[in-house]
Structure formats: C-alpha cells, structure tokens
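Residue numbering for the sequence shown follows the working numbering, starting at 50 and increasing by one per position. Where is the CB? At the ideal position from N, CA and C, for every residue including glycine. Comments concern the structure below.
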Amino acid sequence: MQTQIIRWQHYTNISALSHAARDTILQCAEQAIAERGQFLIVLAGGSTPRPIYELMREAQADWSKWHIYYNDDRCLSQDHAERNSLMAEQTWLGHVAIPANQIHAIPAELGAVPGAKAYAETLAGVGEFDLVLLGLGEDGHTASLFPRELWKNESGDVTLAVTNAPKPPAERITLSASRLSATRKVLFLVSGASKQQAVDDWRAGKSIPASAIKPENGVDVYYSDVNL
Ligand code: 6PG
50 MQTQIIRWQH YTNISALSHA ARDTILQCAE QAIAERGQFL IVLAGGSTPR
100 PIYELMREAQ ADWSKWHIYY NDDRCLSQDH AERNSLMAEQ TWLGHVAIPA
150 NQIHAIPAEL GAVPGAKAYA ETLAGVGEFD LVLLGLGEDG HTASLFPREL
200 WKNESGDVTL AVTNAPKPPA ERITLSASRL SATRKVLFLV SGASKQQAVD
250 DWRAGKSIPA SAIKPENGVD VYYSDVNL
C-alpha cells in the first residue's frame, strides 16, 4: 500500500493561506498550459475555498485553456445556495472568460445515482488532472468521502453516489479517492481550530478519508489556525 507523502505549509491566517493558494493555482496553470496546452483543475466545495475563488476572480490568466471539474457536490437544485458549483460560479467562474463548455459541474440535481453515472461519463475521456483542490472536514472527510461510508472504494469507480452523508445534505456525489489521486498535484486547504482533531488523526497515521488521497507526487496541505 503506497504511503501518503504530505507536505505541511503553515499560514498565519486564512487571508495569507488564500493568497498563497491563489498563487499556487496560477503557477500550476501556467506550467500546465506551457507544457500541455491546457489546465485541468478540480475545485473543492465548502466554505474555505470561497476567499481563494474571490481572489481568482481578479487574476490574470489564459482562461481559454482552463477546464474546471468539481471534487463533489450536493444533490440539490442547480440554483440552490448550498451547491458547490453555484458558490464557484458566483465568486469566480461567472466573472472570467473560461468557455462555458469547459466548466463541468456535477449534475447533482439528477440525484446521487444518476448524477454519479453521468459525471463518470463526463470524466471518461479525461486523463490525469493537473491540480485537485480539497478541503478537510472535522471528522477527517474530504470531498464527500466520509468515515464509515463507502469511501474505501477499491472497485476503481470514478464517482460515488453518497446517500447518508453525516454533513448535510445527506445526498451527494463525489469523486472517488482513486480518481482524486490521479493528478499531478493535490492541494488541501485547511483552516480553523475545528479541524485540529482531524489534523491530529491524520498526522498520527489514522485511516481517514483524507489519508486515502495518494498521488505519486504526494499532497500539499496549506493550513492556518491549527497546530501541528
Ligand atoms: C462539501 C465539501 C467538503 C468540505 C469540507 C470542509 O461539499 O461539503 O466538499 O468536503 O471541503 O467539509 O468544509 P469547510 O471548508 O467549509 O470547512
């Protein structure tokens, strides 16, 4: 079983973390576009990424080469305030010139099972991502891979339908740990004292969903307001 390589980078607060994450995203994009003519990024949901996406809105980039995916979304209507895709659209994507057909929201409004199937078809022709952004939940979850759920996905599925998530709403769609690991770079965004226990468990080598994300190049964790 491959060991997860983790590089921890501390920031004094969420603003410093957000500015650093913005810079890292833009650097990754520039390198990917120079080397392969496109940049495939997978966005995180929840609240931590919001200030980062707001900074991205003002960034200068060759948006025509960007392809946007999501690591998870909630099974709610497309215009529901709790949709991860709506948050990204409102804070960032709706304000920059990424071609609409290069923004691949998860069709979570279809429901967990049909939506997961549809998104797996969307990803069928997609190779390794360039950058995956991930959050960390207080229980060690990431994307919508929750402890005690089916996150120990060994069946090679690309997407998973989640119907009893402990973090509301219960019904979600998530990329699997293996698909989230098929990327050149992973950047976890962790902020807030409420994540301390999850970070402690992670560093103690406990088996939490975040520790199942094992890209070849390891993972980077930008963190603030927690202690190592
Ligand atoms: C979701 C997210 C989830 C999130 C973590 C951290 O849809 O809820 O994908 O995995 O990243 O729960 O959330 P915060 O950034 O809000 O703490």
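Extent of the continuous beta strand (DSSP E) run through Thr208: Thr208 to Val211
With which residues is His116 paired in a DSSP beta bridge? Leu89
Do the CB positions of Ser225 and Leu238 come within less than 7 Å of each other? no
Buried/exposed call for Asp121, threshold 16 Cβ in 10 Å: buried
Assuming Gly267 and Ile74 are in contact, meaning their beta carbons sit under 8 Å apart, how far apart are those beta carbons, in whole angstroms? The pair is not a contact, with the Cβ atoms about 18 Å apart (cut-off 8 Å).
Assuming the contact rule is C-beta atoms closer than 8 Å, Asp249 and Pro215 should be a hit. Round their C-beta distance to whole Å, please. Asp249 to Pro215, Cβ: 19 Å. No contact.
If we count the other Cβ atoms within 10 Å of its Cβ and call it buried at 16 or more, is Pro52 buried or exposed? Reading off the sequence, residue 52 comes out as Thr, not Pro. Exposed, since its Cβ has fewer than 16 Cβ neighbours within 10 Å.
Nearest CA to the CA of Leu183: which residue from Gln58, Gly95 and Ala78? Gly95
Would you kindly report the start and end of the unbroken beta strand (DSSP E) that includes Ile55? Ile55 to His59
Kindly list the residues whose CB is nearer than 8 Å to the CB of Gly254, restricted to its own chain and excluding five residues on each side of it in sequence; keep chain order. Ser260
What number of angstroms, rounded off, separates the C-alpha of Ser67 from the C-alpha of Pro218? 26 Å
With C-beta atoms as the reference, is Val207 less than 7 Å away from Arg228? yes
Taking only the alpha-carbon atoms, compute the straight-line gap between Ala93 and Ile155 and give it to the nearest angstrom. 12 Å
For Arg106, does the three-state DSSP call read helix, strand or coil? helix
Keeping to the same chain, check which residues put their C-beta closer than 7 Å to that of Ile152; ignore five residues upstream and five downstream. Ile117 and Leu142
Beta-carbon spacing of Leu180, Cys77 below 7 Å: yes
Gln245: which of Pro264, Val235 and Gly186 sits nearest, CA to CA? Gly186
Please report the Cβ distance between Ile90 and Ser273, rounded to the nearest whole angstrom; I am assuming they are in contact, meaning their Cβ atoms lie under 8 Å. Contact flag wrong, Cβ pair sits at about 22 Å.
Which value, in whole angstroms, describes the spacing of the CA atoms of Arg71 and Gly164? 30 Å
Enumerate in chain order the residues of its own chain whose CB-to-CB distance from Val162 is below 8 Å, with the five nearest sequence positions on each side excluded. Ala210
Measuring CB to CB, does Arg221 end up less than 7 Å from Arg123? yes
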